[in-house]
């Protein structure tokens, strides 16, 4: 399946995603320049630590770009409705188009999205059936990168040996009092916010309830389905291979429930 690009024309969304990208660029540029590279050059840290930081940063920005440009599950104007599924479709009272149940109309994007979770201004896109897995990856890798940044900032203050090739007083005045403290503050905010968001998203995935459904307090037979966590994540990510759940550069294929992942409750 080809990667389908999807762009939302929303100036406010562009501003929000620019802020997120700016925070990523700040930490990706300044933290290695002020902490990783100098301490690696003096032999205080191994090369593997530098590689891991850049890997976490790369996966984070790839998940951000994919989540913001991937088609969330937009319904076509004239969808093909299988005869056996006609009872599961309904008419949208906003765009007057047929849509499957659990789809919702996004007023910001102007169309219906299959199994829409919510519209996220920070990625300037809806979170729906086809890009929910990318949004989960973004939350996860943002936590990893933020925590990595916090640990490095902490080690710079309390653990790493002083740099002998730099004027320590000048370095403290120019960098530690401004750049690194700002980086630490952003790390705390991003890690706390993303941890809370990731927890709520995973709770929704495992309980088979979207954010919209939770807010609307839906309780039909199709919601809150009992299933194993392996099958729940495999269905969202579009593959049973757990290693692929963490890779943003791939396409998603819809799954059909199999006996290996069904709950026996």
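Numbering (full-length UniProt numbering), first residue to last: 1 to 265. Here a beta-carbon is modelled for each residue, glycine too, at the ideal position from N, C-alpha and C. The model shown is predicted, which means the values in this text are computed figures rather than measured ones.
- Residue 72 places its beta carbon less than 8 Å from that of residue 131.
- In this structure residue 124 is buried. Its beta-carbon is surrounded by 16 or more other beta-carbon atoms within 10 angstroms.
- Taking residue 59 as reference, the option from 255, 250, 254 with the minimal CA-CA separation is 250.
- DSSP links residue 93 through a beta bridge to no other residue.
- Separation of the CB atoms of residue 133 and residue 236 is rounded to 5 Å, and the pair is thereby assigned contact status at 8 Å.
- Taking a C-beta distance under 8 Å as the contact criterion, residue 194 and residue 139 qualify as a contact pair.
- Going by DSSP, residue 98 is part of the beta strand (DSSP E) stretching over 98-100.
- Apart from the 5 residues on each side of it in sequence, residue 28 sits with its Cβ closer than 7 Å to the Cβ of 57 in its chain, given in chain order.
- Residue 238 places its beta carbon 8 Å or farther from that of residue 227.
- Here residue 5 is bridged, per DSSP, to 70.
- Minimum Cα-Cα distance from residue 115 among the listed residues 213, 246, 47 corresponds to 213.
- Counting other Cβ atoms within 10 Å of its Cβ, residue 20 reaches 16 or more and is therefore classed as buried.
- With a cutoff of 8 Å on beta-carbon distance, residue 95 and residue 113 are scored as not near each other.
- Looking at the DSSP output, residue 131 shares a beta bridge with no other residue.
- When rounded, the separation of the alpha-carbon atoms in residue 255 and residue 230 is 12 Å.
- When rounded, the separation of the alpha-carbon atoms in residue 64 and residue 93 is 32 Å.
- Of the residues assessed, residue 190 falls on the buried side of the cut-off, its CB having 16 or more other CB atoms within 10 angstroms.
- Residue burial is scored here from C-beta neighbours: residue 248 has at least 16 other C-beta atoms within 10 angstroms and is therefore classed as buried.
- By the criterion of a C-beta distance shorter than 6 Å, residue 75 is surrounded in its chain by 99, 112, once the five residues flanking it on both sides are discounted.
- When rounded, the separation of the alpha-carbon atoms in residue 242 and residue 40 is 33 Å.
- Comparing alpha carbon positions, the residue from 210, 198, 148 closest to residue 183 is 148.
- CA-to-CA, the gap between residue 204 and residue 159 works out to about 39 Å.
- Residue 120 is bridged by DSSP to 125.
- Judged by their CB atoms, residue 34 and residue 50 are not nearer to each other than the 8 Å cut-off.
- Excluding its 5 nearest sequence neighbours in each direction, residue 102 has C-beta neighbours in its own chain below 6 Å: 115, listed in chain order.
- The distance from the Cβ of residue 210 to that of residue 117 is about 4 Å, consistent with a contact at the 8 Å cut-off.
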